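Novice: This is the structure I want to talk about, given as structure tokens.
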Amino acid sequence: MNAYKRLQETFYTRGDVLTIARELLGKQLVSFSEGQLTAGIITETEAYNGIIDKASHAYGDRRTKRTDTMYQGGGIAYIYLCYGIHSLLNVVTNISGIPHAVLIRGIYPVAGQEIMSRRIGRKISAKEGIGPGKVTKLLGLTYADDREDLIRSNKVWIEDADVLIPDNHVMITPRIGVGYAGEDALLPYRFMVDGKIIKL
DNA sequence: CGGCCGATCCACT
DNA sequence: GTGGATCGGCCGA
Numbered sequence: 257m258n259a260y261k262r263l264q265e266t267f268y269t270r271g272d273v274l275t276i277a278r279e280l281l282g283k284q285l286v287s288f289s290e291g292q293l294t295a296g297i298i299t300e301t302e303a304y305n306g307i308i309d310k311a312s313h314a315y316g317d318r319r320t321k322r323t324d325t326m327y328q329g330g331g332i333a334y335i336y337l338c339y340g341i342h343s344l345l346n347v348v349t350n351i352s353g354i355p356h357a358v359l360i361r362g363i364y365p366v367a368g369q370e371i372m373s374r375r376i377g378r379k380i381s382a383k384e385g386i387g388p389g390k391v392t393k394l395l396g397l398t399y400a401d402d403r404e405d406l407i408r409s410n411k412v413w414i415e416d417a418d419v420l421i422p423d424n425h426v427m428i429t430p431r432i433g434v435g436y437a438g439e440d441a442l443l444p445y446r447f448m449v450d451g452k453i454i455k456l
């Protein structure tokens, strides 16, 4: 039923986190959580550029129990709790020792919409999934799923679903909610789909 | 050890 | 437009 190809390690371990954040647009994020399959096309991402990026948890090479996940090799999930309530899903990139990550901020639901509705407590709209806290809620993921292996896990992974997002439908802006990051708050590290998703 | 605050969302005014 | 929910990480004393 589903012949889509899961993204492999070579996709995640590349050095340019901005390129990966851009290329994740249109990819299909799938979760098989609580025995339920849900999936969405990624529509919004943000890049976090490691120890030199003031907006990153790993700024200044701050390696703690929490940020240690980002120091692992690319291809795993970094999920942490924000505002005490929301679990935020990131994709760890680059090689082991370099704490790069891409925050998944938005998805367009394509499978398991009824499951998603139940998880969120009401019917989802077509544009549901905007906002990183909502992404994890729809997919049934929490910070307990931190470090899940996107390449080998049967709980959460990302695959190429033959969705093409042309450059003229990609909007690039500064990141959200990172005012504390000084001049780095202005960097154009946020990528979002503007307009139609084109399925081949 | 205490206190502040964050890569947010939603209900309510 | 705004404030409440809710908790772990981090910093300063």
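When the letters of the first sequence are read in order and numbered with our numbering, they come out as residues 257 to 456.
Where a beta carbon is used, it is the ideal one built from N, C-alpha and C, also for glycine.
In this text the structure is predicted, and so the values were computed from the model without any measurement.
(1) Nearest by alpha-carbon distance to residue 387: which of 370, 407, 365 is it?
(2) Using a Cβ distance threshold of 8 Å, determine whether the stretch 296-314 contacts the stretch 260-278, with at least three qualifying pairs required.
(3) Can you have a look at residue 309 and say buried or exposed, based on whether 16 or more other CB atoms are within 10 angstroms of its CB?
(4) Is the beta carbon of residue 398 less than 7 Å from the beta carbon of residue 345?
(5) According to DSSP, which residues form a beta bridge with residue 405?
(6) Could you say if the stretch 316-324 and the stretch 290-303 meet the contact criterion of at least three C-beta pairs nearer than 8 Å?
(7) CA-CA distance, residue 435 and residue 260?
(8) Please state the DSSP three-state secondary structure of residue 457.
(9) So, are the CB atoms of residue 342 and residue 389 less than 7 Å apart?
(10) Here's a check: name, in chain order, each residue in its chain whose Cβ is nearer than 7 Å to the Cβ of residue 440, leaving out the five neighbours to either side.
Specialist: Considering the structure as presented:
(1) Closest by alpha carbon: 365.
(2) These segments touch.
(3) Answer is buried; the Cβ neighbour count reaches 16.
(4) No, the Cβ-Cβ distance between residue 398 and residue 345 is not below 7 Å.
(5) Under DSSP, the beta-bridge partners assigned to residue 405 are 332.
(6) Under the three-pair Cβ rule at 8 Å, the stretch 316-324 does not count as touching the stretch 290-303.
(7) Roughly 38 Å separates the two Cα atoms.
(8) Summary: the structure shown does not reach residue 457, with the chain confined to residues 257 through 456, and so no result is reported for it.
(9) A contact, by the Cβ cut-off of 7 Å.
(10) Here residue 440 has 309, 310, 311 as same chain residues with Cβ atoms under 7 Å from its own Cβ, once five neighbours each way along the sequence are excluded.
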